[in-house]
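**Q**
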Amino acid sequence: MDQTEQLLKSLTEAHGVPGYETEIRALLRQYMEPLGTISQDKLGSVVCTKFGDGPTVMLAGHMDEIGFMVAHVTKEGFLKFQQLGGWWDQVLLGHRVIIKTHKGDVTGVIGAKPPHLLPAEERSKVVVKKDMYIDIGASSREEVAEAGVRVGDPVVPYSEFAVLANPKTYMSKAFDNRVGCALVIDALKYFQSEPHANTIVGVQTVMEEVGSRGAVTSVRAANPDVAIVLESDIAGDVPGIEEDESSVKMGGGPSLMVFDARMIPNIKLRDLVVETAVSLNIPLQFSVMPGGATDGAAIHLHNTGVPTVVIGVPARHIHSHSSIIHRDDYDNAVRLVTAVVAKLDAATVENLTK
Ligand SMILES: [Zn+2]
């Protein structure tokens with residue numbers, strides 16, 4: 003494994019559902035400590051500042067991943083759960099999870115009534131989350147308590163990073179958005195040896211998956227003049243998706259969000275990204291996401307407004323235990339983001355809002 007694979011493996015395998023980012027935060031701090039001055043806001047987002055002259059450029063990735071929380075323990079010893087972030091019922095059954103308890107990690111599996119016991123007409127129906135449970139192998143509420151599990155404990159999907167048959171493709175949980183966290187780190191690293199006409203603030207935010215809560219507070223800490231949100235994006239190159247629903251392909255290059263439910267990017271900044279990609283021969287895809295949003299929603303509304311764009315790495319099977327990304331998209335995203343940041347001097351940034 004090279005350095006990038008190692009980084010993506012360690013970040014995606016780290017645990018950290020919204021509100022319980024302790025483990026991933028510690029890891030991110032470790033990676034960013036040599037790269038700038040570290041601070042932390044009171045919700046837990048980590049801010050790494052690389053001082054320089056000129057405007058403040060915020061690079062933001064969210065560190066939380068979708069997961070669950072124990073909501074109820076049945077007297078038979080099964081755990082009912084609350085989702086943290088958006089899960090589609092169909093990707094849940096049969097998957098392993100880890101419950102983070104005060105006594106340590108407990109392994110479980112998401113279950114439901116087996117098909118053998120269902121009437122024929124119910125077998126073809128989708129099982130909904132509220133009918134599912136987590137089974138940790140216990141047979142009573144007391145046994146669950148003995149294992150250390152309490153209502154309120156966070157539950158993390160269990161999945162390991164893997165390099166696939168095409169060695170440029172990687173599978174893991176939480177590419178949404180540890181791929182963005184990695185981009186923040188690699189961009190900061192790049193400017194260790196390259197000049198930058200600005201102050202770069204790398205921010206790893208918390209609680210994005212429950213409504214960009216960490217972005218609201220950390221953008222105040224960063225107080226940027228311009229922002230680039232680094233995200234995973236939805237790759238539509240899988241069966242059943244029409245080209246007009248999503249034309250973003252894994253391996254087709256990083257993507258630029260031109261519209262989502264809660265942000266329209268600053269047009270001049272958007273065009274700067276496009277021009278930069280063209281001049282460097284970086285393939286660039288355009289993304290439209292009417293049914294979703296990113297931390298950009300909170301960041302671009304900071305203060306009197308912050309010119310903001312979202313750049314993404316396409317991932318197949320996003321919001322599941324196993325999503326897939328392409329290494330070329332990642333490397334090209336690093337090239338694109340660092341090239342755009344290098345251009346954001348005082349005159350360029352001032353012109354964005356003229
Ligand atoms: Zn995300």
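If you use the working numbering, the sequence shown corresponds to residues 3 to 356, in order.
A virtual CB, placed ideally from N, CA and C, is assigned to each residue, including glycine.
Note that the coordinates shown come from a computational prediction; the quantities given were computed from them, not determined experimentally.
#1: Tell me which residues share the same chain as Val231 and place their Cβ nearer than 6 Å to its Cβ, disregarding the 5 neighbours each side in the sequence.
#2: Measure the CB-CB distance between Ser234 and Gly314 and report whether it falls below 7 Å.
#3: Just checking Glu233 against ligand 1 - is the residue's beta carbon closer than 6 Å to any of the ligand's heavy atoms?
#4: Quick one: residues in its chain with C-beta nearer than 6 Å to the C-beta of Ser195, no 5 flanking neighbours on either side, listed in chain order?
#5: For Asn200, verify whether its CB is less than 6 Å away from any heavy atom of ligand 1.
#6: Could you please give me the residues that DSSP links to Gln5 through a beta bridge?
#7: Below 6 Å CB to CB, which residues in the same chain sit around Leu271 once its five sequence neighbours on both sides are set aside?
#8: CB-CB under 8 Å to Thr380, same chain, minus the five flanking residues each way: which ones, in chain order?
#9: Can you tell me the Cα-Cα spacing of Asp227 and Glu245, whole angstroms?
#10: Using a 10 Å radius around the Cβ and a threshold of 16 neighbouring Cβ atoms, would you call Trp89 buried or exposed?
#11: Beta carbon of Asp331: closer than 6 Å to some heavy atom of ligand 1?
#12: Does DSSP classify Ser322 as helix, strand or coil?
#13: So, for Lys251: in the same chain, excluding its five sequence neighbours on each side, which residues have a beta-carbon less than 8 Å away from its beta-carbon?
#14: Taking 6 Å as the cut-off, is the beta-carbon of Asp137 closer than that to any non-hydrogen atom of ligand 1?
#15: My output table needs one value for Tyr160: the three-state DSSP class, helix, strand or coil.
#16: Where do the N-terminal and C-terminal ends of the alpha helix (DSSP H) with Val336 fall, by residue?
#17: Please classify Ala335: is it buried, with 16 or more other beta-carbons within 10 angstroms of its beta-carbon, or exposed?
#18: Could you check if Asn283 belongs to the surroundings of ligand 1, using beta carbon to heavy atom distance under 6 Å?
#19: State buried or exposed for Gly139, treating a residue as buried only when at least 16 other CB atoms are found within 10 Å of its CB.
#20: How far does the beta strand (DSSP E) with Arg272 in it reach, from first residue to last?
#21: How close, in whole Å, do the beta carbons of Ala16 and Leu37 come, if the pair is a contact with beta carbons under 8 Å?
#22: For Ile138, name the three-state secondary structure that DSSP assigns.
#23: May I ask you to report which of helix, strand or coil DSSP gives His74?
#24: For Gly298, name the three-state secondary structure that DSSP assigns.
#25: Note the first and the last residue of the continuous beta strand (DSSP E) segment covering Gln85.
#26: Tell me whether Asn179, by its Cβ, gets closer than 6 Å to a heavy atom of ligand 1.
#27: How many whole angstroms separate the CB atoms of Thr340 and Tyr192, which I take to be in contact at a CB cut-off of 8 Å?
#28: In the DSSP assignment, find the unbroken alpha helix (DSSP H) run with Val350 in it and report its ends.
#29: With 16 as the cutoff for other CB atoms within 10 Å, does Leu86 come out buried or exposed?
#30: Counting beta carbon pairs with one atom in the segment 150-170 and one in the segment 100-117, are three or more of them shorter than 8 Å?
#31: Kindly list the residues whose CB is nearer than 7 Å to the CB of Gln92, restricted to its own chain and excluding five residues on each side of it in sequence; keep chain order.
#32: By the DSSP assignment, the beta strand (DSSP E) with Gly238 in it spans what residues?
**A** Reading off the structure:
#1: Same-chain partners within the cutoff: Ala62, Thr296, Asp297, Gly298 and Val312.
#2: Contact: yes.
#3: Yes, the Cβ of Glu233 comes within 6 Å of a heavy atom of ligand 1.
#4: Answer for Ser195: no residue qualifies.
#5: Asn200: no, Cβ never under 6 Å from ligand 1.
#6: Gln5 is not bridged to any residue.
#7: Non-local beta-carbon contacts of Leu271 in its own chain, meaning distances under 6 Å to residues more than five positions away in sequence, involve Pro309, Val311 and Leu354 in chain order.
#8: This structure cannot settle anything about residue 380, because the visible part of the chain is limited to 3 through 356.
#9: Taking the straight line joining both Cα atoms gives about 36 Å.
#10: With 16 or more Cβ atoms within 10 Å of its Cβ, Trp89 is classed as buried.
#11: At a cut-off of 6 Å, the beta-carbon of Asp331 does not count as near ligand 1: no heavy atom of the ligand is closer than that.
#12: It is coil, neither helix nor strand.
#13: Excluding residues within five positions, the ones whose Cβ falls inside 8 Å are Ala237, Gly238, Asp239, Gln287 and Pro316.
#14: Within the chosen limit of 6 Å, ligand 1 does not reach the beta carbon of Asp137 with any heavy atom.
#15: Reduced to three states, the DSSP call for Tyr160 is coil.
#16: Counting along the chain, the unbroken alpha helix (DSSP H) around Val336 starts and ends at Arg329 to Lys345.
#17: The C-beta of Ala335 has 16 or more other C-beta atoms within 10 Å across all chains shown, which makes the residue buried.
#18: Answer for Asn283: no, Cβ out of range of ligand 1.
#19: By the 10 Å Cβ count, Gly139 comes out exposed.
#20: Here Arg272 belongs to no beta strand (DSSP E); instead the alpha helix (DSSP H) covers Ile269 to Leu282.
#21: Not really, about 18 Å apart at Cβ, beyond 8 Å.
#22: In the structure shown, Ile138 sits in coil (DSSP, three-state: anything other than H, G, I, E or B).
#23: In this structure, DSSP gives His74 an extended state, which the three-state scheme calls strand.
#24: DSSP, reduced to helix, strand and coil, places Gly298 within a helical segment of the structure shown.
#25: Where Gln85 is concerned, the enclosing beta strand (DSSP E) stretches over Phe80 to Leu86.
#26: Yes.
#27: Cβ atoms of Thr340 and Tyr192 come within 8 Å of each other, at about 5 Å.
#28: Sequence check: residue 350 is Thr here, not Val. For Thr350, the enclosing alpha helix (DSSP H) has its first and last residue at Ala348 to Leu354.
#29: Looking at its Cβ environment, which holds 16 or more other Cβ atoms inside 10 Å, Leu86 is buried.
#30: With three or more CB-CB distances shorter than 8 Å, the segment 100-117 counts as touching the segment 150-170.
#31: Once the five neighbours on either side are set aside, the close Cβ partners of Gln92 are Val128.
#32: No beta strand (DSSP E) contains Gly238, which DSSP labels as neither H nor E.
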